[in-house]
Ligand SMILES: Nc1ncnc2c1ncn2[C@@H]1O[C@H](COP(=O)(O)OP(=O)(O)OP(=O)(O)O)[C@@H](O)[C@H]1O
Ligand SMILES: Nc1ncnc2c1ncn2[C@@H]1O[C@H](COP(=O)(O)OP(=O)(O)O)[C@@H](O)[C@H]1O
Ligand code: SF4
Ligand SMILES: [Mg+2]
Ligand SMILES: [Mg+2]
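Protein chains in written order, with the numbering used here: chain A, 429 to 775; chain B, 71 to 355; chain C, 2 to 307.
Now the structure itself:
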């Protein structure tokens with residue numbers, strides 16, 4: 429069984445802590461953006477990560493993608509991948525090791541596609557920069573490979589000769605997805621891949637990512653704060669609050685039987701067409717990661733908080749198959765939406 | 071700024087070598103402030119002495135101690151180079167930022183003037199100035215004239231950077247925060263242009279010093295002011311090579327070459343800092 | 002009834018490409034609408050990427066001049082002719098931009114923009130008064146001066162940056178706010194707090210907001226009227242609730258059908274009816290057409306039969 433689990437999981441994160449450690453003129457500042465996260469990602473699965481802004485989603489994913497640079501450092505824990513080329517722990521791998529897996533086995537779609545695409549380089553040149561070496565192809569063979577890949581993404585071959593600013597937002601995002609998938613990696617990491625796209629294009633891009641994932645049998649970890657995207661994309665969803673994983677479970681259960689008050693709130697805060705009841709925004713403001721609250725980090729904003737929450741950190745415990753939550757009062761969490769309540773409205 | 075310098079010295083060999091070369095020559099030039107001799111006086115030293123314990127760099131046929139003579143010469147030459155660089159930087163920043171940010175007819179007019187200055191051949195103009203001004207042509211006047219020709223390429227470079235910045239959202243944020251165009255140019259955009267200014271300063275100094283030497287050797291500057299160029303002029307005048315006073319020519323040439331190499335290395339290593347992306351990376355973004 | 006903003010038959014064409022292959026893009030075509038001064042409202046512009054929403058917003062802000070047509074604010078052309086007029090216009094019409102990561106100069110501290118706004122538009126001189134104005138505005142959006150002061154943009158997350166940008170725009174108490182996708186980069190909870198904030202600005206402070214978004218749900222939630230744009234053309238315009246509950250134009254219908262719903266969470270439904278997509282795509286390039294009004298008050302673009 430243990431052996432089975434090993435083959436099933438492509439990524440195992442254990443006790444991961446990663447901090448921004450800065451010093452300004454002798455004053456030290458530490459932002460604990462990732463604070464003790466343990467989780468696994470399976471082969472051929474889409475794992476969604478949600479959380480409010482500045483909760484540390486991007487930071488966490490940067491560690492997974494081995495794309496962190498000072499002052500951001502891994503302080504403790506491990507991030508082990510089990511690739512076909514052999515296991516790697518990116519939390520303390522050498523640059524050469526990371527270079528060897530980047531794009532071929534592990535690829536990363538960064539937040540804000542414009543920052544990846546060099547504004548003064550044609551798209552084709554960017555493809556060469558990123559993918560020619562990992563693929564080991566050159567000239568004509570390389571171009572054919574890229575063009576056939578772009579075709580799958582419904583992009584014309586012309587885009588290779590375009591500059592980034594000549595493309596629309598949706599096309600740019602498809603180009604970055606193309607970059608990330610052209611080497612057929614086993615593991616794809618995407619940070620807010622569809623934020624700032626219109627709903628029509630968003631749906632297109634999402635189904636594209638899923639088609640590519642299913643065709644290649646890769647695993648995808650993707651971050652977005654948009655719960656409705658998770659609802660339609662993810663096999664499993666993990667919720668990050670103030671640098672920690674507070675709940676994780678199969679998508680359906682997360683939406684209709686959440687076991688953490690914060691998840692319940694996230695799901696309920698989604699506005700719907702046809703419904704103008706005042707949606708409560710969460711009281712208080714996101715905690716500072718430089719000085720996070722004691723005990724359960726959600727306690728200052730939690731409607732269910734009890735005294736114990738202020739002092740004791742709730743452990744992430746399994747409450748149902750595949751479903752873990754970090755809350756002392758998980759039995760008392762009521763789902764704020766039911767699968768049917770929404771139906772009538774959208775008809 | 072200090073941290074940048076420290077990192078440059080630590081991680082960049084070109085910068086370290088360049089900085090040492092330039093620093094040594096600057097110190098040498100500064101020694102002239104403590105010189106026991108007047109550089110304009112002749113026959114104070116025994117003429118034509120080779121380098122040795124008494125005259126470190128030898129003495130020339132005019133009876134001047136070459137050590138002190140060159141110390142003055144490099145002071146004047148460096149001051150000249152810096153003055154040209156400073157003045158032409160001011161012009162190129164003003165023109166580049168204004169053309170790039172204000173755009174429209176301001177841009178068209180400024181770039182038209184820019185093209186004119188690119189097209190005018192500078193050498194005949196400088197010779198013309200010499201004939202008009204003769205002995206009134208001191209170092210500063212010459213620097214002023216050369217500064218007028220040293221800005222157009224760099225102004226274009228600065229303009230192209232600001233053109234890109236103009237369309238960024240933060241520029242609009244600044245506009246709607248009520249900042250004046252001058253404030254936006256000088257406080258929002260200048261930091262992006264600063265690295266270019268540093269790097270081109272070096273190139274500009276190499277250009278202006280080289281041109282000054284050329285003019286002086288040909289006798290088209292005020293030969294009574296000791297500079298690297300006039301030193302070579304006098305050496306040539308006394309047929310130094312023919313009579314075997316090689317140190318009169320070789321030593322200034324070596325120092326000037328070292329200065330150029332130093333400036334060149336500084337320019338190359340600072341070039342890396344032109345890219346604001348690398349600067350942001352160093353800020354930890 | 003006086004008009005606050007009047008957009009009259011405005012078009013904008015961009016020329017693209019080099020000297021030989023000159024192409025023109027009609028970013029906005031014949032847009033008309035107006036906002037009344039007495040009834041502050043949230044006026045929403047919805048549309049696909051590249052449909053001209055930002056271009057329209059930029060023209061209203063006076064950053065771009067219309068190729069044809071005119072835009073007036075309180076009866077005067079937007080942008081202002083003299084420096085004094087321009088400053089008065091800028092104090093009255095403030096923008097919130099699309100990308101929080103680009104909203105502030107990455108090399109500069111964020112508070113300088115707030116400070117400059119307070120000093121120029123409120124005419125404050127005294128340090129404590131300036132800081133009070135900054136802190137008040139930041140508090141409205143759920144931040145505080147202590148959190149923002151001395152920070153560079155890369156030290157803040159996207160949501161924090163966007164809130165700081167809105168706070169900056171609020172400092173001069175403008176009657177009209179142009180918000181270009183202010184919530185597309187923030188999470189649902191924060192999105193609701195910003196959207197609620199816009200609503201509160203309208204209801205409690207009488208600020209009109211032109212709210213550009215992709216998010217139909219928040220548009221439904223807060224807006225009074227909306228227009229739906231496709232390739233530079235307004236295809237449907239009317240009361241927000243009426244239009245969104247029962248969109249008539251095929252593109253509006255496609256938009257609504259593309260909204261991801263959560264009621265079948267976990268089923269992985271991502272397909273859209275291809276016929277709908279095809280029809281909407283065809284109409285995007287269909288010639289002309291004109292807006293006709295319907296009994297329920299909306300305007301819909303209809304095309305000559307082909
Ligand atoms: N400065 C410009 N030069 C050339 N074309 C432009 C320029 N600005 C906009 N366009 C074009 O005008 C059209 C409308 O662009 P606009 O930015 O207004 O779209 P948008 O609706 O805001 O899209 P998004 O939802 O992606 O922000 C697009 O086809 C765009 O390529
Ligand atoms: N380069 C950095 N230096 C210092 N702090 C940072 C940096 N990047 C992010 N942070 C801080 O780390 C926290 C988490 O940020 P991030 O991972 O970007 O959040 P998310 O992606 O969930 O919005 C925030 O408090 C943010 O201000
Ligand atoms: S542990 Fe306490 S404070 Fe934390 S989520 Fe559960 S009930 Fe709320
Ligand atoms: Mg993020
Ligand atoms: Mg836009």
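Beta carbons: idealized from backbone N, C-alpha and C, even for Gly.
Delimiting residues of the beta strand (DSSP E) encompassing residue i
i	result
residue 536 of chain A	534–537
residue 505 of chain A	500–511
residue 477 of chain A	474–478
residue 92 of chain C	Note, residue 92 of chain C: premise wrong, no beta strand (DSSP E); alpha helix (DSSP H) at 84–93.
residue 689 of chain A	That residue, residue 689 of chain A, is in no beta strand (DSSP E); its alpha helix (DSSP H) goes 689–696.
residue 179 of chain C	177–181
Contacts of residue i in chain E (Cβ-Cβ under 8 angstroms)
i	result
residue 104 of chain C	Reference to chain E is not applicable here, since the protein chains of this structure are A, B and C.
Coarse secondary structure for residue i, derived from DSSP in three states
i	result
residue 231 of chain C	strand
residue 290 of chain C	coil
residue 258 of chain B	helix
residue 554 of chain A	helix
residue 238 of chain C	strand
residue 253 of chain B	helix
residue 121 of chain B	coil
residue 190 of chain B	coil
residue 74 of chain C	strand
residue 449 of chain A	strand
residue 300 of chain C	strand
residue 59 of chain B	Residue 59 of chain B cannot be examined here, being either before or after the span of chain B that is shown, 71 to 355.
residue 514 of chain A	strand
residue 613 of chain A	coil
residue 2 of chain C	coil
residue 588 of chain A	helix
Neighbouring residues, chain C, relative to residue i (Cβ below 9 angstroms)
i	result
residue 261 of chain B	106, 108, 109
residue 258 of chain B	106, 108, 109
Opposing strand residues paired with residue i [DSSP bridges]
i	result
residue 47 of chain C	C:214, C:229
residue 580 of chain A	According to DSSP, residue 580 of chain A bridges with nothing at all.
residue 618 of chain A	A:537, A:650
residue 656 of chain A	DSSP lists no partner for residue 656 of chain A.
residue 440 of chain A	A:468, A:508
residue 13 of chain C	C:29
residue 459 of chain A	A:448
residue 7 of chain C	C:35, C:73
Chain-ordered neighbours of residue i on chain C, where CB pairs are closer than 7 angstroms
i	result
residue 247 of chain B	114, 117, 118, 169
residue 660 of chain A	261, 269, 270, 271
residue 580 of chain A	Simply none; closest approach about 16 angstroms.
Beta-carbon neighbours of residue i, restricted to chain B and to distances below 9 angstroms
i	result
residue 243 of chain C	Ordered by position in chain B, no residue passes the 9 angstroms Cβ test against residue 243 of chain C, which lies about 34 angstroms from the chain.
residue 275 of chain C	Those do not exist, as residue 275 of chain C stays about 36 angstroms from chain B at its closest Cβ, beyond 9 angstroms.
residue 1 of chain C	Because chain C in this structure spans residues 2 to 307, residue 1 of chain C falls outside the shown range and cannot be described.
8 angstroms Cβ cut-off: residues of chain C touching residue i
i	result
residue 701 of chain A	217, 218, 221, 245, 246, 257, 260
residue 625 of chain A	50, 215
residue 597 of chain A	50, 51
N-terminal and C-terminal residue of the alpha helix (DSSP H) that residue i is part of
i	result
residue 231 of chain B	222–236
residue 666 of chain A	Note, residue 666 of chain A: premise wrong, no alpha helix (DSSP H); beta strand (DSSP E) at 664–669.
residue 745 of chain A	Element bounds for residue 745 of chain A: not the alpha helix (DSSP H) but the beta strand (DSSP E), 745–748.
residue 170 of chain B	136–172
residue 486 of chain A	485–492
Neighbour list for residue i in chain A, Cβ cutoff strictly below 9 angstroms
i	result
residue 224 of chain C	Chain A residues near residue 224 of chain C: none, gap ~11 angstroms exceeds 9 angstroms.
Cross-chain neighbours of residue i in chain B, by beta carbon under 8 angstroms
i	result
residue 166 of chain C	243
residue 64 of chain C	242
residue 121 of chain C	247, 248, 249
residue 91 of chain C	245, 246, 248
What does the shell around ligand 3 hold, if a residue joins when its beta-carbon is under 5 angstroms from any heavy atom?
Look at which beta carbons fall closer than 5 angstroms to any heavy atom of ligand 3; those residues are A:689, A:724, A:726, A:727, A:730, A:732, A:733, A:737, A:742, A:755, A:756, A:757.
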